[in-house]
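In this note's numbering, the protein residues as written are 12 to 1268. Don't be surprised by glycine CBs; every beta carbon is placed ideally from N, CA and C. Step one of this worksheet: look at the structure below.
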């Protein structure tokens, strides 16, 4: 598509769409923004192809449009920083239909357009994704992926027959190519190989390829493999066949239809397994695809199966409850007659972690024996890309040649095995039997049924209140099919009131549950699921069909653009905003205890959680009947039982002492929690601090946390009996980040793998406080990051990654000068992280070490971890914080600005400080055009609950009142004394105002650099009310003065009396247009400056000495390094080198691909000293920080006890203690105003030698 061509349609009249019709002659008087369905949008487009007043606006990126687009669209990329300016050029009186990939960008674009004064705006719900699903017309720009296919009408041939087949290479634009043919026997031994040039579509035979003299044995199987020799990115294809002496009856699709093999599909049709799927995929060869085994060895399925048997192929995810149920049920059947191929889906990049997680799940379901021969779908992504499945589980029935003949997606859960046996029998004439006479009911009675309790006190309650223990004692026999796991999860959330929990309506406004239900005196069933979950669909169908009696029903569905369609297929759209909603993050408090969906809950009439029942939706009515009119409570005294709460001791005899210091404390521990927590394995630890001594307790918890995260064999730490306050653990972890993170660089601190368990507490939205003074800490768990996975092993053991990480920190320290104040340092660190890192969506899946190995690519979590780490290293308290809606990570930083009397918490965000997005390339030297610093630098922390489900900036930065998987409370920080009332951005040079002090309007700018007390920038500018072309000038301002205080010190007309301005002559500022704004990169006391003049192809490169104000010419070095002078370049300086790369190449890609030029700065003695600041107190101090960090990339033990564990070679703990002592001695000297430079140099040498002792092998 020609991107410069914009095709704009018009609108005439819309009769069948309930929206306002617009025309040239008649406009409605009311402005609007309205949502259209895809059907309405198509009708609008078709009826209005000739009217100039209608614009179909595509706000996606160029890359997305290069796949497909709707004919007639006009494109403005919403992700382009210049979007507002571009869209503002359009006629605001026309009518616009806006669409994107789903709907998020189109809604946001419509909102901006409304703010800009556009009058008539529609946006398309579901976007082009939904449009494509409905097969609506598009222009396909790029062809589909090349695909090699081989097919034959049959797989069994007589001895006298030639084996014929057809080959097709799809989406290849040449007529001929070279094919490689390999013929293998059933033992996978190569018999013959040929290379032949053929047309891309042809029919051939075995003899025509390999010759008439080829002899194939009878009653043997063979496979023919074909691949393209000179075509990249195309799959191999295979075809299996057998030579038989018997007469063969061809088993085609009609044969299986006649047998009734597909009757289950008619009975249980689904969106993915239906008649169309069978017609399309019948005969598709499954054996050609690749997968990995548990040893991570890749093989084709063909290599793994017995070709004399037919196959049952199950696609399942370990996180899918229904998948695990399928495995449990199938495990009861004798499948020895078949190849039972289990393919695990949704494999992430960390395969070891995935396998460990799968082991835990299989163990929990008592099917460990099923895992060792399971496969990982991490090679060909069979279920997603080859079969186009979106959900699991799925079962394929495959003949002995690997061809699909049948498929299963959903059978009756209560009769699964019998129905499965019937489908297999109708398909293959093979009768499967059970392994034993065990009851195959998928929900069998408990192996040890609960006998009638002779002490059953049902009916003896004096009122309607019930504790968990009372329910378990009196109601368990009535709900015998509730599993032990369900009881366990119920105990953790029992009695929690969810009436204040929010749900999202379809118009993206929220409403509290209590306002939906109105307290009508009935219990409520809440079902929590997602649109991609097959079992969630079954649950919704069942609960819609079998309407609950005497109960409310609420369905909470996660999902994106297919949300409404999912509801329409499985329930009714009329229930949206009445019974069916999207869940807010509030619901994580009760759903995070179980790793599967769907999840069912029973609430009593007061909306207290009463039962968890997992996916057993058929139990809903039974549970409602049991709960009836009762109320759930954790306060046993409310039930008026004789045994009073006061006799229960959950605090080891110290509760009276706790009440002295926390008089308004609420006891929210129930008997079940007490029993569970007190039976966790205890350690021999003796508490040191006294209850009520806050500082001592914080320090003690910091030490406990430090030991715990450094332990490779301690997965659970029980702290229940010590009566620690969970609030103080929060402060301890903040303090650990500031004081100890530098010494433990390998800890997954930013990833928050630690899961704390505490006494139940509730946050009051109105007061922004937790209504409980003392919150008892129970225990800590490392969740899935256990053992060796609790640390980032590669940082410790991989020298390449270790060196990169250390240099990353050293380079950051080089940027900091002793003449910078705290806010300037924060700015420099943020800019550094934004420069060093390149954004990649998939980085959330991997450890920090892997992002370092790939030369620093990441998502918000890596940006936030590194920013917080560096700020803490230079002594500025910072903490990486996960937003309350789990959608983003940013950094809290504590600093005292000129507007603050005391240090305050602000948030910063290096990712939103970054100039790179999906559609642009990073310019490390810092072109600042349209950079939204307001989204990143020293902003106030918004502690208001935000009713905004979409991931806009404000919602993503709402911090919540907890840390570490939203478990540890931090509400005490939400005070005026602790939190900044206002952002500080507006008081700095980063303010996005475009006017300078003398009224000039600034445009494109270079990166800032600092000389003495001023910050300088090159900028294109125009004078107010001037039609002149843009000019280039050098501006300066104090960092805290704001951009309106910028003063012009040099341009082509005049050089002011300024030390930096005087280094230039007026000719330097001659430019044509504004492309040639110089690029600047400041490191230490040096600013490198590069200028390119496009029309003359001239280049200038020099350095500015920011100590003396001198200019150092580097032109000869540039000329000797760069051969192609017709290109524009960019500069940046790390690792004591100046790097030069082409302008439109991403930095990390340039480095990884060695597509970059380098000038070694060690040859410039003056520059070397200026960058490193070696001969100053501050320079030496920075070296010591780097030494300390390097020591923190190793783990330490007493080598007399242990030297190596899990591949980690430990360093001597004695040497580390000696190193720490020398660090302390240095810091005492550094903070002593009477110490000399020579004393610091001498101590630095001692520390360096001590580090060498640690690091030597």
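- Selection 907, 419, 1229 and 825 evaluated against residue 276 yields 419 as nearest (Cα-Cα).
- Distance from the Cα of residue 542 is smallest, within the candidate group 1206, 1027, 569 and 1207, for 569.
- Taking the Cα positions, residue 780 is about 19 Å away from residue 915.
- Counting only runs of 3 or more residues that sit fully inside the stretch 704-771, the beta strand (DSSP E) segments are 727-729 and 766-769, in chain order.
- Annotation for residue 847: 867 place their beta carbon closer than 6 Å to its own, counting only its chain and skipping 5 residues before and after.
- Taken through DSSP and simplified to helix, strand or coil, residue 84 comes out as coil.
- One Cα belongs to residue 973, the other to residue 1009, and the distance between them is close to 47 Å.
- Between the stretch 477-494 and the stretch 626-642, the count of C-beta pairs closer than 8 Å reaches three or more; the two stretches touch.
- A residue is called buried once 16 or more other Cβ atoms fall within 10 Å of its Cβ, and residue 707, having fewer, is exposed.
- DSSP lists 190 as the beta-bridge partner residues of residue 239.
- For the pair residue 614 and residue 594, the CB atoms are not nearer than the 8 Å cut-off.
- Under the three-state reduction of DSSP output, residue 269 falls in the helix class.
- Collapsing the DSSP output to three states places residue 198 in coil.
- The Cβ neighbour count for residue 1028, taken over all protein chains shown within 10 Å, is at least 16; the residue is labelled buried.
- Secondary structure of residue 865 (DSSP, three-state): coil.
- Here residue 845 carries a helix assignment [DSSP, helix/strand/coil].
- Between the alpha carbons of residue 237 and residue 227 lies a gap of roughly 19 Å.
- In this structure, residue 481 sits near residue 650, with a CB-CB distance shorter than 8 Å.
- Residue 1018 carries a coil assignment under DSSP once its states are collapsed to helix, strand and coil.
- Contact annotation: residue 710 and residue 785 have beta-carbon atoms that are not nearer than 8 Å.
- Under the three-pair Cβ rule at 8 Å, the stretch 711-721 counts as touching the stretch 738-745.
- Taking one beta carbon from each stretch, the stretch 1093-1108 and the stretch 1014-1033 have 3 or more pairs nearer than 8 Å; the two touch.
- According to the DSSP secondary-structure assignment, residue 521 is paired through a beta bridge with 515.
- In the three-state reduction of the DSSP assignment, residue 790 falls in the strand class, which pools E and B.
- Judged by DSSP in its simplified three-state form, residue 1057 adopts coil rather than helix or strand.
- Of all C-beta pairs linking the stretch 1192-1205 to the stretch 748-760, three or more are shorter than 8 Å, placing the two stretches in contact.
- Rounded to whole angstroms, residue 512 and residue 674 show a C-alpha spacing of 28 Å.
- If you check the CB distance, residue 920 and residue 886 do not come in under 8 Å.
- About 15 Å separates the CB atoms of residue 1252 and residue 1234; that is not less than 8 Å, and the two are not in contact.
- Under DSSP, residue 1029 takes part in a beta bridge, and its partners are 1045.
- Per DSSP, residue 1261 is one residue of the alpha helix (DSSP H) stretching across 1248-1266.
- Of all alpha-carbon atoms in 97, 103 and 88, the one lying nearest the alpha-carbon of residue 117 is that of 88.
- In the three-state reduction of the DSSP assignment, residue 535 falls in the strand class.
- With contacts defined by Cβ atoms closer than 8 Å, residue 45 and residue 133 form a contacting pair.
- In the three-state reduction of the DSSP assignment, residue 825 falls in the helix class, which pools H, G and I.
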